[in-house]
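Novice: Before I ask anything, let me first share the structure, which is written out below as structure tokens.
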Amino acid sequence: MSINFSYDFLIVGQGLAGSITALMLEDAGYNVMLIEEGKEKTSSRVAAGIFHPVTGRRIVFSWKARELYDYATSFYERTESKLGEKFFHRKLILEVMGTAREYNDWQGRLAQPEFSRLHKDEAINPEYDNCLQSHAGKLLLGDSGWMDITRFLSVTEKHFSEQGKLTKAKFIPGKLERIENGYRYELGKFQKIIFCEGIDSFENLFWNYLPFNPARGEILNVSIPGLPEDHIIMSGIFILPLGNSVFRIGSTYSWNYPESKPTEQGLMELEKKLREAIRLPYKVLDHQAGIRPTVLDRRPLVGKHPEKEDMYILNGLGTKGVMLGPYFAHELIENIQCGKAINSEADIARYSHLFFQSGKSA
Ligand SMILES: Cc1cc2nc3c(=O)[nH]c(=O)nc-3n(C[C@H](O)[C@H](O)[C@H](O)COP(=O)(O)OP(=O)(O)OC[C@H]3O[C@@H](n4cnc5c(N)ncnc54)[C@H](O)[C@@H]3O)c2cc1C
0 MSINFSYDFL IVGQGLAGSI TALMLEDAGY NVMLIEEGKE KTSSRVAAGI
50 FHPVTGRRIV FSWKARELYD YATSFYERTE SKLGEKFFHR KLILEVMGTA
100 REYNDWQGRL AQPEFSRLHK DEAINPEYDN CLQSHAGKLL LGDSGWMDIT
150 RFLSVTEKHF SEQGKLTKAK FIPGKLERIE NGYRYELGKF QKIIFCEGID
200 SFENLFWNYL PFNPARGEIL NVSIPGLPED HIIMSGIFIL PLGNSVFRIG
250 STYSWNYPES KPTEQGLMEL EKKLREAIRL PYKVLDHQAG IRPTVLDRRP
300 LVGKHPEKED MYILNGLGTK GVMLGPYFAH ELIENIQCGK AINSEADIAR
350 YSHLFFQSGK SA
């Protein structure tokens, strides 16, 4: 690769955030180069990829759920057509209610128009009742599904590699040189650079002033012969059908960073919840752990470096990368193109004071 090559953008990291950003910039007609060091157990590679507009036991819509869903579904489906591969799967959620109180809470929610729109009044496969532990009720919810992120990453990698626009190497911030109207790195000249490094930005000298609060998560692949594969089950944990009686089960949360290996405790917690959800025998096939790039205020990190020109970040996608990624990559690109404001809850400008307090300012 010659140093004389000239690009519009260098994107550091080809996880979910970097892949989405690169594809969107390409759609907008820009010449991009990606650099990815090839780590195995990144957040994107371990994630289940489930999207679901309702959050937890409190039964509330997650932040900007409708806007994110509309934007993400149209982006992923358009990208499937562009790349000629399927990785985005719509699938209904089978919400299993453990207690009468939970059942009543759901009934209350379904009386509200925005929740009743989610509710799918379809017959549920009766076989589920032979497989689930006793419960207080169940219902089907839409606007949900899962993204095969590993497949998305490998299809995107192939797409850019074939054009010579993906370099397998670790980006070293100290090697970046500011030149007129951009940056020079050993791969060429770049008008702008976008960092999409997930938790590794925690250690990047340009970004380590940001208040990351990484959340480790563990996940299992299990074989459960006999369990129907019609829906994603939510019952204290999620049970995501992957085909051929294999299901992904998850996930745990702990703020015990930087330990990223699977633990005995994580395995016990997931198996206990699985036994509470189903009454079928199962076999654990695989146990993985990853670290989610979460932020203290649980909002993404999007925008321009407080001091460095032409330097940007898309990070902090936390627990909901599949839905947050397309919407905020689009906001970042519009901001770069025409100065359109980024949502103030996501704009890294909210943390500029930390940068100036850190003494990093030139
Ligand atoms: C157990 C678990 C379950 C999850 N389940 C879901 C879910 O069901 N639904 C959902 O929406 N989200 C889920 N998530 C969250 C989701 O995985 C993240 O929000 C998302 O994948 C983050 O993507 P990212 O690209 O920001 O980071 P990453 O996936 O970490 O990607 C960053 C990339 O940058 C590369 N990189 C870093 N530094 C450098 C460098 N200096 N040079 C070159 N390359 C570099 C890394 O190798 C990596 O490939 C889950 C996460 C975990 C851990």
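Residue numbers (numbering that gives the first Met the number 0): 0 to 361.
For every residue, glycine included, the Cβ atom is placed at its ideal position computed from N, Cα and C.
1) Is S250 near ligand 1, in the sense that its beta carbon is under 7 Å from a heavy atom of that ligand?
2) Whole angstroms are fine: how far does the CA of I312 sit from the CA of K137?
3) State the Cα-Cα distance for the pair N180 and F205, rounded to the nearest angstrom.
4) Check the DSSP bridge columns for H118 and list the partner residues they point to.
5) Would you call the CB atoms of V11 and I232 closer than 8 Å?
6) Measuring only the C-alpha atoms, how far is I178 from F355?
7) Under a Cβ-count criterion, where at least 16 other Cβ atoms within 10 Å of its own Cβ denotes burial, should I171 be classed as buried or exposed?
8) Is Q362 near ligand 1, judged by its Cβ being under 7 Å from some heavy atom?
9) Could you give the residue range of the alpha helix (DSSP H) that holds I232?
10) What did DSSP end up calling N203 once you bin it into helix, strand or coil?
11) Taking I19 as the reference, give the member of I123, E196, L239 with the closest Cα.
12) Per DSSP, P240 forms a beta bridge with which residues?
13) Where does the unbroken alpha helix (DSSP H) through R77 begin, and where does it stop?
14) In or out: N243 buried (at least 16 other Cβ within 10 Å) or exposed?
15) Tell me the rounded alpha-carbon separation between G235 and Q336.
16) Would you mind reading off the limits of the beta strand (DSSP E) that contains R183?
17) Excluding sequence positions up to five away, which residues of its chain have a Cβ less than 7 Å from the Cβ of L316?
18) Determine, using beta-carbon pairs with one atom in the segment 262–282 and one in the segment 218–226, whether at least three such pairs fall under 8 Å.
19) Which value, in whole angstroms, describes the spacing of the CA atoms of L91 and A27?
20) State the start and end residues of the unbroken alpha helix (DSSP H) segment that holds T318.
21) Only counting the same chain, and skipping five residues up and downstream in sequence, which positions put a Cβ closer than 7 Å to that of E344?
22) Apart from the five residues just before and just after A64, which ones in its own chain have a Cβ nearer than 7 Å to its Cβ?
23) Between S130 and L226, how many whole angstroms is the CB-CB distance? I'm expecting something under 8 Å.
24) Taking its Cβ as the centre, do 16 or more other Cβ atoms sit within 10 Å of M267, making it buried, or is it exposed?
25) State yes or no: is the C-beta of E35 nearer than 7 Å to some heavy atom of ligand 1?
26) Mind checking D285: buried by the 16 CB within 10 Å criterion, or exposed?
27) Assuming the contact rule is C-beta atoms closer than 8 Å, L22 and I192 should be a hit. Round their C-beta distance to whole Å, please.
Specialist: Based on what the coordinates show:
1) Checking every heavy atom of ligand 1 against the Cβ of S250, one is found closer than 7 Å.
2) Answer to the nearest angstrom: the Cα atoms are 41 Å apart.
3) The alpha-carbon separation between N180 and F205 amounts to approximately 19 Å.
4) DSSP output for H118 lists L140 as bridge partner(s).
5) Result no, Cβ atoms of V11 and I232 do not sit closer than 8 Å.
6) Their backbone Cα atoms lie some 24 Å apart in a straight line.
7) Label assigned to I171: exposed.
8) An answer regarding residue 362 cannot be provided, because it is not within the stretch 0 to 361 covered by the chain.
9) Here I232 belongs to no alpha helix (DSSP H); instead the beta strand (DSSP E) covers 231–233.
10) N203 falls in the coil class under three-state DSSP.
11) Taking I19 as reference, the option from I123, E196, L239 with the minimal CA-CA separation is E196.
12) Paired residues: F246.
13) In the DSSP assignment, R77 falls within the unbroken alpha helix (DSSP H) covering 64–82.
14) That one is exposed.
15) C-alpha separation (whole angstroms): 43 Å.
16) According to the DSSP assignment, R183 belongs to the beta strand (DSSP E) that extends over 181–184.
17) Cβ within range, chain order: L15, A16, P292, P299, L323, G324.
18) Yes, the segment 262–282 is in contact with the segment 218–226.
19) Each residue's Cα considered, the two are about 33 Å apart.
20) Neither: T318 is in no alpha helix (DSSP H) and is coded neither H nor E.
21) For E344, where only same-chain residues beyond five positions count, the Cβ hits under 7 Å are R298.
22) Cβ neighbours of A64 beyond the five flanking positions: P52.
23) Reading the sequence as shown, one finds Cys at residue 130 and not Ser. Right, their Cβ atoms sit about 5 Å apart.
24) Counting Cβ neighbours within 10 Å, M267 comes out exposed, since fewer than 16 surround it.
25) For ligand 1, a non-hydrogen atom lies closer than 7 Å to the CB of E35.
26) Exposed is the call here.
27) About 17 Å separates the two Cβ atoms, so there is no contact after all.
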